[in-house]
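Residue numbers (the working numbering): 8 to 279.
The beta-carbon is built from N, C-alpha and C at its ideal position, and this holds for glycine as well.
All figures in this text were calculated on a predicted structure; none of them were measured in a lab.
Scroll down for the structure; my scribbles are underneath it.
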């Protein structure tokens with residue numbers, strides 16, 4: 008078997024079919040709410056790293072592929088000359104615009120598109136962006152997708168994947184519902200391993216940097232129910248349980264202490 012195809016198979020066999028527009032349209036509200044509710048300094052740390060190493064500067068143009076609700080685009084836009092967020096979901100872009108407006112930054116553009124089918128040349132995007140960035144983007148799942156990223160770039164590409172992401176609320180819900188502690192595609196370390204090797208086999212020398220954080224937050228019961236219930240509601244119903252009751256059992260005076268631990272691996276490579 009061709010070695011690149013081997014690594015692509017390693018990615019795809021554990022991928023979830025999350026590229027559908029309807030899936031992300033339905034998820035957009037809770038996705039944005041959860042990002043705004045829970046502290047997450049990794050986007051700021053990634054931005055500082057890129058800036059301190061001169062990958063991101065005041066004259067840098069950035070393309071954020073699958074940028075969701077703008078979590079990375081906003082801090083990057085505070086440094087870059089211009090940032091363009093793309094997403095397959097119109098709802099995601101709607102919440103991104105709300106978050107951008109609330110942040111006060113003015114140099115962000117929006118483009119609704121599926122990067123897997125986008126014709127970069129026809130769009131006039133070939134070599135348009137100094138830095139092409141994608142974090143936890145399901146649409147980037149093959150060597151061809153990496154080529155699409157690089158086609159839009161004129162200097163650098165960066166690809167982020169979580170290798171660890173855990174919190175006590177999720178763990179408690181999974182325990183009550185007897186959800187097996189199986190590998191989570193969301194944090195599968197094989198993704199970074201496979202992407203690194205694909206790039207290496209193509210002649211690139213990607214750098215790997217890790218960003219970790221542990222946080223403790225006091226969050227209202229109402230916010231936690233709104234954020235966590237959608238993911239587990241159907242599973243709880245099948246088990247004859249109420250996910251809101253499970254979450255409520257974790258509260259003290261309608262407050263839940265959320266303990267989170269995350270590690271992001273960032274691949275960064277020069278295209279020339």
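*asked:* Among 135, 35, 40, whose alpha-carbon lies nearest the alpha-carbon of residue 315?
replied: This structure does not reach residue 315, given that the chain is present from 8 up to 279, and the question cannot be answered.
*Using the beta-carbon count (16 or more within 10 Å), is residue 6 buried or exposed?*
Residue 6 lies beyond the residue range present for the chain, which begins at 8 and ends at 279; the question has no answer from this structure.
*What's the C-alpha gap between residue 170 and residue 131?*
The sequence position of residue 170 within the chain shown is 163, counting from 1. The sequence position of residue 131 within the chain shown is 124, counting from 1. Taking the straight line from one Cα to the other gives about 34 Å.
_Run of the beta strand (DSSP E) containing residue 171, from where it starts to where it stops_ = Sequence index remark: in the chain shown, residue 171 carries index 164 (1-based). Looking at the DSSP string, the run of the beta strand (DSSP E) that includes residue 171 is 160-174.
*Give me the Cβ distance between residue 63 and residue 91, rounded to the nearest whole Å; I'm assuming they're in contact under 8 Å.*
Within the chain shown, the letter at position 56 stands for residue 63. Within the chain shown, the letter at position 84 stands for residue 91. Not really, about 14 Å apart at Cβ, beyond 8 Å.
*asked:* Along the chain, where does the beta strand (DSSP E) containing residue 219 start, and where does it finish?
replied: Position 212 of the chain shown, counting from 1, holds the residue named residue 219. Element bounds for residue 219: 214-227.
*Quick one: using the 10 Å Cβ neighbour count with 16 as the cut-off for buried, is residue 217 buried or exposed?*
In the chain shown, counting from the first residue as 1, residue 217 sits at position 210. It counts as exposed.
*Could you please give the first and the last residue of the uninterrupted alpha helix (DSSP H) stretch that includes residue 103?*
Walking along the chain shown from the start, residue 103 turns up at place 96. Unbroken alpha helix (DSSP H) run through residue 103: 97-110.
*Between residue 261 and chain D, is there a C-beta pair that is closer than 8 Å?*
The displayed structure is made up of one protein chain only, and chain D is not part of it.
_Spatial distance of residue 285 from residue 231 (CA atoms)_ = Outside the modelled stretch of the chain, which goes from 8 to 279, sits residue 285, for which no answer is possible.
*Does the beta-carbon distance from residue 257 to residue 179 come in below 8 Å?*
Taking the first residue of the chain shown as 1, we reach residue 257 at position 250. Taking the first residue of the chain shown as 1, we reach residue 179 at position 172. Taking 8 Å as the Cβ cut-off, residue 257 and residue 179 qualify as a contacting pair.
*On the three-state DSSP scale, how would you describe residue 133?*
The count along the chain shown starts at 1 and reaches residue 133 at position 126. Correct three-state label for residue 133: coil.
*Please classify residue 186: does DSSP put it in a helix, a strand, or coil?*
On the chain shown, position 179 is the one that residue 186 refers to. Residue 186 falls in the coil class under three-state DSSP.
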